[in-house]
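Number 82 in the working numbering belongs to position 50 of the sequence shown; there are no gaps in the numbering.
Cβ coordinates follow ideal geometry from the N, Cα and C atoms, glycine included.
Data block below; observations after.
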Amino acid sequence: MLSIKLIMIIVGVNVNILSSHHLEEATVIVDGHKDILKARRNNLYVNEKSSERYRSPSEGFSIEWKDKSRSYEGSLEVWAEKGELILVNKVEEDAYLASVVGAEMVPGAELEALKAQAVLCRTFIYTGCRHQDEPWDLCDLTHCQSYRGLETVTAATWKAVAETEGMFLTYHGEPCKIYYHSTSGGRTADARSIWPDEYAPYLRSAMPTAPHWDSPTPCPRPCPVNIKPSPSLRTSNHELLRVPQPSFRVIIILNCQPR
Ligand SMILES: [Zn+2]
Numbered sequence: 033m034l035s036i037k038l039i040m041i042i043v044g045v046n047v048n049i050l051s052s053h054h055l056e057e058a059t060v061i062v063d064g065h066k067d068i069l070k071a072r073r074n075n076l077y078v079n080e081k082s083s084e085r086y087r088s089p090s091e092g093f094s095i096e097w098k099d100k101s102r103s104y105e106g107s108l109e110v111w112a113e114k115g116e117l118i119l120v121n122k123v124e125e126d127a128y129l130a131s132v133v134g135a136e137m138v139p140g141a142e143l144e145a146l147k148a149q150a151v152l153c154r155t156f157i158y159t160g161c162r163h164q165d166e167p168w169d170l171c172d173l174t175h176c177q178s179y180r181g182l183e184t185v186t187a188a189t190w191k192a193v194a195e196t197e198g199m200f201l202t203y204h205g206e207p208c209k210i211y212y213h214s215t216s217g218g219r220t221a222d223a224r225s226i227w228p229d230e231y232a233p234y235l236r237s238a239m240p241t242a243p244h245w246d247s248p249t250p251c252p253r254p255c256p257v258n259i260k261p262s263p264s265l266r267t268s269n270h271e272l273l274r275v276p277q278p279s280f281r282v283i284i285i286l287n288c289q290p291r
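In structure tokens:
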């Protein structure tokens, strides 16, 4: 019998970083060496010398701008467009995921929750690029997935990525379309009602469930308005459920356990 498998190998992703800050100037630090980058129209200046592109080595770097700074794994490529620096971080997939999981989840989330998020974030990468017309795969905003470099990387997020290595969600052999949220209004919507072109049978409206209630009396659904959201209700404390095909569903549910 002939068996065909789809094998996807992604060694790295290109992420456009800090674009929301519209930087005209920034300092890049690699191994203690500082370079001052400035954008003037479509021209890049590195330490006041005109340069078409700036490329850092791959061992990681920091960026300082105004009174802020941030550090990243991987390498950096910079050019100028319309008076702004375009900064693209090329980073290995696991390092990217370790950062994204920390950014998308509440600090201190349990390992199993981080692992579920890691699977979602990895699946999101594999579902395809939202920036086909741009020279990067992903942005660092919630348009794609929130990414803040080493700022959100912890031992726990690395562990979650490592323990789910290579795992992503598929439906009929294709990576699932992934949508997750940080804040729930009490019920998700059918994806089709939001994005008519994004139909997938598993993207159905679902009520949150409460699998780990401390109280013997479960919260009625939807939760009454006089219950104040706990921190876990306001943040990304997700749990992932998988139901085998043909009734395959991916449900991101809020763990609305009172604390
Ligand atoms: Zn994006």
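By the DSSP assignment, the alpha helix (DSSP H) with S225 in it spans what residues? 223-226
Sufficient close CB pairs (3 or more, under 8 Å) joining the region 200-210 to the region 136-150: no
Where V132 and L201 are concerned, what is the direct C-alpha to C-alpha distance, given to the nearest angstrom? A direct Cα-Cα distance of roughly 17 Å separates V132 from L201.
Is it the case that the region 151-162 contacts the region 92-104, given that we only count it when at least three CB pairs across the two stretches are under 8 Å? Short answer: they don't touch.
Which of the three DSSP states, helix, strand or coil, is assigned to G181? DSSP places G181 in helix when its eight states are reduced to three.
Whose C-beta lies closer than 8 Å to the C-beta of S83 among residues of the same chain, with five residues either side of it excluded? Contacts found: L76, Y77.
Mind checking who V292 pairs with in its DSSP beta bridge? Because the chain in this structure spans residues 33 to 291, residue 292 falls outside the shown range and cannot be described.
At a Cβ threshold of 9 Å, is V151 touching chain D? No chain D appears in this structure, which consists of one protein chain only.
Just mark S88 as buried or exposed, buried being the case when its beta carbon has 16 or more other beta carbons within 10 Å. buried
Between the region 165-177 and the region 221-234, can you find at least three pairs of beta-carbon atoms closer than 8 Å? no
Can you find a heavy atom of ligand 1 that lies under 8 Å from the Cβ of L170? Relative to ligand 1, the beta carbon of L170 is positioned inside 8 Å of a heavy atom.
Does ligand 1 have a heavy atom nearer than 8 Å to the CB of C153? no
Rounded distance between the beta-carbons of E96 and T59, thought under 8 Å: 4 Å
Using the Cα positions of L129 and V120, report the straight-line distance between them to the nearest angstrom. Taking the Cα positions, L129 is about 16 Å away from V120.
Host beta strand (DSSP E) of Y104 (start-end): According to the DSSP assignment, Y104 belongs to the beta strand (DSSP E) that extends over 100-104.
Can the beta-carbon of E109 be found closer than 9 Å to that of R85? yes
Spatial distance of N79 from V45 (CA atoms): 28 Å
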